[in-house]
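J.:
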Amino acid sequence: MSKEKITNIIRILPDYIANQIAAGEVVQRPESVVKELVENSLDAGADSIAVVVKGAGKQLIHIIDNGSGMGKDDLALSIKRHATSKIFKQEDLESIRSYGFRGEALASIAAVAGLEIRSKQDENDVGWSLKSDPMKEALVEPCSTDNGTQIFVKNLFYNVPARRKFLRANLTEFRYISDTMIKFALSRPNIRFTFYDNDTLIFDVKPSSLEDRIANILGVEIRDSLVGVNLENEAIKIHGFTGTPNNAKRTRSNQYFFLNNRSILSKSLSHAVYSAYDTVLEKNQYPFFLLNLEIDPENIDINVHPQKHEVKFDDDRFVYNSVNTAVMSALQKGNFIPVLGLEEQASKMPFIRTDDDYDVLVNKTTGEIIGKHQENFQGGGSSFVSSAQTSFKRDDSDRGFAPREKSSFKAIFGSEEEEELFSKQKVERYDNFIQLHGSYIMLETEKGGMLINQHAAHVRILFERAIKSMKEGGRGSQELLYPINIKLNVGEIVVLNEINEELINLGFDIAINDDFAQLLAVPVDIKSGMEELLLRNMIAIVDNNSIVENFSMKEKLALAYSQKVAIENNKKLSNSEIKNLVTELFRCSQPYSTPTGKSTLIEFQLDDLKKRFNKNN
Ligand code: ADP
Ligand code: MG
């Protein structure tokens, strides 16, 4: 007997098995087939595409297009793996404009279903048909058919019982398909789509304007709530519609992003839209939106996943800011949110690349916001996050904060009544501001100017934010590297237990013991070094009945919080910080005063200036 054992156990998989395994990547369910095939039709330049599904696509998916069609040889090649007419060389990958490029879809489908393709090119008299079954050589023969391509996919996964078992009920599978068809129809209003479920016509939409297409697909009632969104510059184009705030829904359905015609999902971009609505949307209300983004393919990477939902932008923050600005200025133009005369400013915002430091707030790979202080992105620019940033990085250079100064500023311009006259609409040239003595921000308004007390303004902003997060939760928090132990007496522990839930919503994480509290995480806005004092102030204010007697518990906590955390006067701010401070102030529901009734701003009129000068002459 030979002692030699058979040791060569590595084998190359037969094609049909390799294809079947790979098919799992591309074809998860009937919907994936529909998506791949319609994309192919669009890539082939079709302007009319019909889709018929039977048995929710499990039984049959039939697609008919009037695109370029395929010749005999191409048809035979089309179902081979990595066979594609769409890219030829490495560089093409950098600038993909077609939906497909992997050359995997038809090969994958052919591995898990019966496939028949009939195709004819305009210039040819005769068409060709290809019939294939998994594990069988495909058969190509002449046939008579219309210009364009028809594809039949029969009995999906019939040869992979495990996968077929995993499919959901027909109703569910059909819903996946119809969602995809709706997205196609909405993303390409210039193309006719016909969609049948068995013999039932679901829709047949002719080429039209985007507005008509939306009405045709989503129902005519939506027409009244469409606000046009348009923003263009060299780097990005954003066109589409956003919904009026009063038409917001409790669900996130009817929200669409298309990037270069491709449907994408992006939490961070959705957030960019929501934050443009800011306080005008009620809690848990979601607006309609359909936004088409056009960006040079060289600046995005769609080669991330075969399903290609995830997109990676070279500059996530720029895209975020652009979307936010586009929606905000659309809503302002339509008077759906307070206008600051920001349009001019807004249209410029996305082109300003601000401090790259703040990029830590967005996951560059996925486009997800990873910093939890998402509000800080509002209004584009680098946002008012100096303190958040400090705490994020645990940079102690900002630790020494001057004791807050009582404002000694006198209303040298104008009188009390004029403050009353102030309206948000009057702030005209938002771009034109200077910071006086590190404390006051002066800006030009339509009829004169305005001075904003930066500390008071920030108190107002933080107060409203804190109230919001106590009601809704979800304020970002920052874990402390070294937990802070704070000795408390029995009374304080009792209060702390009482307010703990609110504190959690604000972003605190506190372990409460018998006679001390252990601070494990704090809200992102908080500068390191101030944690203990802040917590003590918040505990103290709950029992303080003097100035704030008619304040609710939430309001008291928000007040202590905002007064402690707000930026001090006597602190130089960067231009982008100033911009964001002003923007956020005017997003507040009550921008003109602090929660305790101190003025946040003083307005003055040119006429008054004139009078004052004349007095002296
Ligand atoms: P990809 O789309 O990534 O190139 P597919 O497997 O989806 O890969 O398609 C392979 C090729 O078959 C395409 O590159 C195209 O040349 C051809 N093809 C597929 N569908 C159609 C169609 N409906 N009309 C014309 N050509 C098509
Ligand atoms: Mg394809």
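Numbering-wise (the working numbering), the sequence shown opens with residue 852 and increments by one. We put the CB at the ideal spot given by N, CA and C, even for glycine.
1. Is Gly951 near ligand 2, with its Cβ less than 7 Å from a heavy atom?
2. Buried or exposed for Leu1408, going by 16 or more other Cβ atoms inside 10 Å?
3. Assign Ser892 to one of two classes, buried (16 or more other C-beta atoms within 10 Å of its C-beta) or exposed (fewer than that).
4. Along the alpha helix (DSSP H) that carries Ala961, what are the first and last residues, could you check?
5. Please list the terminal residues of the continuous alpha helix (DSSP H) segment that includes Asp866.
6. Note down the Cα distance separating Asn1105 from His1122, rounded to an integer number of angstroms.
7. For Tyr1291, list the residues DSSP reports as bridge partners.
8. Which same chain residues, not among the five before or five after Arg880, have their C-beta less than 7 Å away from its C-beta?
9. When you measure from the CB of Met921 to every non-hydrogen atom of ligand 1, does any distance come out below 7 Å?
10. Assign Gln1329 to buried or exposed, taking buried as 16 or more other Cβ atoms, counted over all protein chains shown, within 10 Å of its Cβ.
11. Please report the distance separating the alpha-carbon of Thr1051 from that of Thr996.
12. When burial is assigned at 16 or more other CB atoms within 10 Å of the CB, is Ile1151 buried or exposed?
13. Please confirm whether Thr1130 and Phe1187 have their CB atoms less than 8 Å apart.
14. Taking the alpha carbon of Lys1319 as the point to measure from, which residue in Leu1132, Leu1144, Pro865 and Ile1418 has its own alpha carbon closest?
15. So is Lys1322 buried or exposed if we call it buried at 16+ other beta carbons inside 10 Å?
16. Tyr950 and Asp894 look like a contact to me (Cβ under 8 Å); what is the Cβ gap, rounded to whole Å?
17. So, helix, strand or coil for His933, using DSSP?
18. Which residues does DSSP pair with Ile915 in a beta bridge?
19. Is there at least one non-hydrogen atom of ligand 2 closer than 7 Å to the beta-carbon of Asn891?
20. Is the beta carbon of Lys937 within less than 7 Å of some heavy atom of ligand 1?
21. Lys1199: buried (16+ other C-beta within 10 angstroms of its C-beta) or exposed?
22. Mark Arg862 as exposed unless 16 or more other C-beta atoms lie within 10 angstroms of its C-beta, in which case mark it buried.
23. On the criterion of 16 or more Cβ atoms from any shown chain inside 10 Å, does Gln1414 qualify as buried, or is it exposed?
24. Roughly how many whole angstroms lie between the Cα atoms of Ser983 and Arg1074?
25. Go through its chain and collect everything with a Cβ distance to Lys931's Cβ below 7 Å, but skip five positions before and after it.
26. In the DSSP output, which residue or residues are listed as bridge partners for Ser949?
27. So what does DSSP say about Arg1168, is it helix, strand or coil?
28. So Lys937 and Phe952 are supposed to be a Cβ contact under 8 Å. How far apart are they, rounded?
29. Helix, strand or coil: which one does DSSP assign to Tyr1137?
30. State yes or no: is the C-beta of Thr1000 nearer than 7 Å to some heavy atom of ligand 1?
31. Looking at the secondary structure, which residues open and close the beta strand (DSSP E) in which Leu1370 lies?
32. Report the residue from Asn1111, Gly1380, Ile1363 and Ile1089 whose alpha carbon sits nearest the alpha carbon of Val1178.
33. How many angstroms separate the CA atom of Leu1022 from the CA atom of Ala907?
34. In this structure, how does DSSP classify Phe1455 when only helix, strand and coil are distinguished?
35. Out of Leu1332, Ala1368 and Gly875, state which residue places its alpha-carbon closest to the alpha-carbon of Gly1342.
36. Comparing alpha-carbon positions, which option in Ala1362, Ala1417, Phe1402 and Asn1364 lies nearest Leu1385?
T.: Let's see:
1. Relative to ligand 2, the beta carbon of Gly951 is positioned inside 7 Å of a heavy atom.
2. That one is buried.
3. Ser892 sits buried, since 16 or more C-beta atoms from the chains shown fall within 10 Å of its C-beta.
4. Run containing Ala961: Ala956 to Val963, per the alpha helix (DSSP H) assignment.
5. Asp866 -> alpha helix (DSSP H) spans Asp866 to Val877.
6. Here the C-alpha atom of Asn1105 lies approximately 15 Å from the C-alpha atom of His1122.
7. DSSP lists Leu1287 and Asn1304 as the beta-bridge partner residues of Tyr1291.
8. Taking C-beta separations shorter than 7 Å and ignoring five residues to either side along the sequence, the partners of Arg880 in its chain run Leu1018, Glu1024 and Tyr1027, following chain order.
9. Under cutoff, so the answer is yes.
10. That one is buried.
11. Cα-Cα distance, rounded: 24 Å.
12. In this structure Ile1151 is buried. Its beta-carbon is surrounded by 16 or more other beta-carbon atoms within 10 angstroms.
13. For Thr1130 and Phe1187, no; Cβs fall outside 8 Å.
14. The closest CA to that of Lys1319, considering only Leu1132, Leu1144, Pro865 and Ile1418, is found on Leu1132.
15. Exposed.
16. Right, the Cβ-Cβ distance comes to about 5 Å (below 8 Å), so this counts as a contact.
17. In the structure shown, the three-state DSSP call for His933 is coil.
18. According to DSSP, residue pairing for Ile915 in a beta bridge involves Ala901 and Gln1001.
19. Yes.
20. It does: the Cβ of Lys937 is within 7 Å (strictly closer) of some heavy atom of ligand 1.
21. With a pLDDT of 31 at Lys1199, under the threshold of 50, the modelled position of this residue cannot be trusted; read the value that follows with caution. Exposed, since its Cβ has fewer than 16 Cβ neighbours within 10 Å.
22. Exposed.
23. Answer is buried; the Cβ neighbour count reaches 16.
24. Straight-line Cα distance between these residues: approximately 46 Å.
25. Correct list, in chain order: Ala958.
26. Looking at the DSSP output, Ser949 bridges to nothing.
27. Arg1168 sits in a helix when the DSSP states are folded into three classes.
28. Confirmed, Cβ separation roughly 5 Å.
29. Tyr1137: strand per DSSP, three-state reduction.
30. Under cutoff, so the answer is yes.
31. That run of the beta strand (DSSP E) goes Phe1367 to Pro1374.
32. Proximity to Val1178 across Asn1111, Gly1380, Ile1363 and Ile1089 peaks at Ile1089, based on C-alpha coordinates.
33. Cα to Cα, the separation comes out at about 7 Å.
34. If DSSP states are grouped into helix, strand and coil, Phe1455 belongs with the strands.
35. Ranking Leu1332, Ala1368 and Gly875 by Cα distance to Gly1342 puts Ala1368 first.
36. Looking at the Cα atoms, Ala1417 is the closest of the given residues.
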